[in-house]
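Before any comments, here is the structure.
In the working numbering, the protein residues as written are 4 to 243.
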């Protein structure tokens, strides 16, 4: 899982118009509880400004809601139409029943994890997916080419509030496919990665150096608890 971003994309202290508000997953609430998360009676897990809703059935990723998306472009006299998806990634409308989850009370997670650092999206065509994200109001905040994961790939970064969206796809000049964008995995932040490793024991791999200078990263063994998406856990940003 490409779970490291790169140094130039540190978190500036500025307001952002978009926010990843809700992430709906097919996992059971019990799976997230077994991984050391506090799960509410409504089967939700709060991470930073994002709520993860566990439905207990269906595909690992079932949709996301992005607050502020429909407001993009209004200042210039343009309106952004409601998109049912971003290049195949289902968008949950503001009227979706998940809106009531915003008032759900949360508690600190026993595993010490606090927020989502970034969400990794894979695509068969980088240019097509970038255009789709921009059409939905996202702004490209960084990109780089890498061969660290095998064939040449292009990483493109967007902000969704306090969450980075990392798009992984073919580099310029490489073969593309019609494969739509898909959620590939999540990278979460622990307040103290060593403490989280101690709390999770064998559920968390050995922390190692991340691409970002001064940070560490470890893999959560999601298969052991029944979580569908790959998850990595990182130490905080140095500026945090």
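Where is the CB? At the ideal position from N, CA and C, for every residue including glycine. Since the model is a prediction, treat every value here as computed from it, not as a measurement.
Buried versus exposed, by CB contacts within 10 Å (16 or more), residue 226 = Looking at its Cβ environment, which holds fewer than 16 other Cβ atoms inside 10 Å, residue 226 is exposed.
Please confirm whether residue 69 and residue 132 have their CB atoms less than 9 Å apart.
-> Going by C-beta atoms, residue 69 is not nearer than 9 Å to residue 132.
Local Cβ density within 10 Å of residue 56, reported as buried at 16 or more and exposed below that | buried
Strand pairing of residue 161, partner residues [DSSP] = Residue pairing of residue 161 in beta bridges, as defined by DSSP: 143 and 168.
Can you tell me which of the three DSSP states residue 19 falls into?
-> Per DSSP, reduced to three states, the secondary structure at residue 19 is coil, with no helix or strand assignment.
Can you give, in chain order, each stretch of the beta strand (DSSP E) that sits fully within the region 167-229 and has at least 3 residues?
-> 185-193 and 219-223
So, is residue 143 buried or exposed, given that buried needs 16 or more other C-beta atoms within 10 angstroms?
-> Answer is exposed; the Cβ neighbour count stays below 16.
Assumed close pair residue 38, residue 230 - CB separation to whole angstroms, cut-off 8 Å = 6 Å
Along the chain, where does the beta strand (DSSP E) that runs through residue 36 open and close?
-> Here residue 36 belongs to no beta strand (DSSP E); instead the alpha helix (DSSP H) covers 32-37.
Report the partner residues of residue 92 according to the DSSP bridge assignment.
-> 89
Please state if the CB of residue 188 and the CB of residue 123 are separated by a distance shorter than 9 Å.
-> yes
Contact set for residue 60: own chain, Cβ-Cβ below 7 Å, skip 5 residues either direction | In the same chain as residue 60, and ignoring 5 residues on each side of it, the C-beta atoms closer than 7 Å to its own belong to 29, in chain order.
To the nearest angstrom, report how far apart residue 139 and residue 87 are at their CA atoms.
-> Each residue's Cα considered, the two are about 10 Å apart.
Can the beta-carbon of residue 186 be found less than 9 Å from the beta-carbon of residue 92?
-> yes
Tell me the DSSP bridge mates of residue 68?
-> 25
List the whole-angstrom C-beta distance separating residue 32 from residue 228, where the pair is believed to meet the contact cut-off of C-beta under 8 Å.
-> No, residue 32 and residue 228 are not in contact; Cβ-Cβ is about 11 Å, not under 8 Å.
Enclosing alpha helix (DSSP H) for residue 235 [first to last residue] = Unbroken run through residue 235 is the beta strand (DSSP E), 234-237; no alpha helix (DSSP H).
Look up residue 135 in the DSSP assignment and say whether it is helix, strand or coil.
-> helix
Is the beta carbon of residue 40 less than 9 Å from the beta carbon of residue 116?
-> yes
Span separating the alpha-carbon of residue 78 from that of residue 152 = Because residue 78 sits at a pLDDT of 43, beneath the cut-off of 50, its placement in the model cannot be relied upon, and the following sentence gives the value as read from the coordinates. Between residue 78 and residue 152, the C-alpha separation is close to 40 Å.
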